[in-house]
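Numbering (my numbering), first residue to last: 801 to 1100.
As structure tokens, the structure follows; a few thoughts come after it.
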């Protein structure tokens, strides 16, 4: 897999860099660069991130950080069985419980919500930090919904973290999940309130709470750009059609004048020439502003 020139491998976390010190220097650099690419692509190009994770895994499968990165890359591609295997391997190497919530979510992805609920009640959850506990609560509520237990899902999300007025990195997602569960239970007024609260905490737009709230309020978004394109196209057609009528009338008025020439060929010819010549030039002068007005209409 090609590595962009701007990737040096130094971008990785210092803890991961320390893990890679067990490898030869050149190998450690190659692994680090592939891990950087995994982190860079996992949101925008999950398949690309997965491919780079496979390269890193082939080079250093005994490094926990590599197994963890491979797990997240597989998870992003909904390869839940593979992701779960990598997370378990990383946990065995480090003894950390940090991956417990995402492991439980893999069980959900594999169609085993009961297993996810068992993991939510395991002793490992008490060892998680606050963000990990909130994540575990989200997974447990999702498992309840998978099983059709909407009321239980709502109760699962009711917590001090949900009621807190302080905004944390996980606040928007927690409020959004609660609002979504309320809406699924047909409690629309409450759902609207919590979607609004989710918007207040969602400073980086990580959820679509604003769109969901607009749907509840019956707001329809109209593409005004398309309408403005249609109006100018129709207006010139209406304006230009009458403009051609004066031209034909002027021509019709000019045509009878030569008919008088046979009545007095020698005496009237100079007069006819003098009268006819200015008339076309006068017509042109009248026509030019009308064209400019049509063009102005187009611009408008």
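Where a beta carbon is used, it is the ideal one built from N, C-alpha and C, also for glycine.
In this structure, residue 834 lies near residue 856, with their beta-carbon atoms less than 8 Å apart. Put simply, the backbone Cα of residue 986 is about 59 Å away from that of residue 824.
Counting C-beta pairs closer than 8 Å gives fewer than three between the segment 813 to 821 and the segment 841 to 854, which falls short of the contact rule. In the three-state reduction of the DSSP assignment, residue 913 falls in the helix class.
Between the alpha carbons of residue 952 and residue 993 lies a gap of roughly 20 Å. In this structure, the beta-carbon distance from residue 916 to residue 939 falls below 8 Å. Residue 975 sits away from residue 1006, with the two beta carbons spaced by 8 Å or more. In the displayed model, residue 903 falls within a helix according to three-state DSSP. Here the alpha carbons of residue 1018 and residue 811 stand approximately 46 Å from one another. A residue is called buried when at least 16 other Cβ atoms come within 10 angstroms of its Cβ; residue 967 does not meet this threshold and is exposed. Taking a contact as a CB-CB distance under 8 Å, the pair residue 1009 and residue 991 does not count as one, their CB atoms being some 11 Å apart. The three-state secondary structure of residue 830, taken from DSSP, is helix. Nearest Cα to residue 807 within the set 839, 923, 815: 839.
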